[in-house]
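Novice: Sharing a structure below in structure tokens format, with a few things to ask.
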Amino acid sequence: MEACRQIGIAEQTLYRWRKEYGGLKVDQARRMKDLERQNARLKKLVADLALDKAILQEASKLTF
């Protein structure tokens, strides 16, 4: 597709975006992207906290 070449993306990317965002208005798509970023940040935070908890639990076993 000419439009894909002009903006430098693969056709597969265009079809994936269409499938994911096709029925959304611009503001809805932006909101969805913001929520996806926030979700990724929160998942990382939970993973970090779970690791901290595991480290503290292991350390508490060694001190008592």
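Using the numbering used here, read the sequence shown as starting at 14 and increasing by one per residue.
Where a beta carbon is used, it is the ideal one built from N, C-alpha and C, also for glycine.
#1: Only counting the same chain, and skipping five residues up and downstream in sequence, which positions put a Cβ closer than 6 Å to that of leucine 27?
#2: Quick one: what's got a C-beta closer than 7 Å to tyrosine 34's C-beta in the same chain, skipping five residues either side?
#3: According to DSSP, is lysine 32 helix, strand or coil?
#4: Quick check: what's the CA-CA separation for leucine 48 versus methionine 14?
Specialist: In short:
#1: Cys17
#2: Ala42
#3: helix
#4: 30 Å
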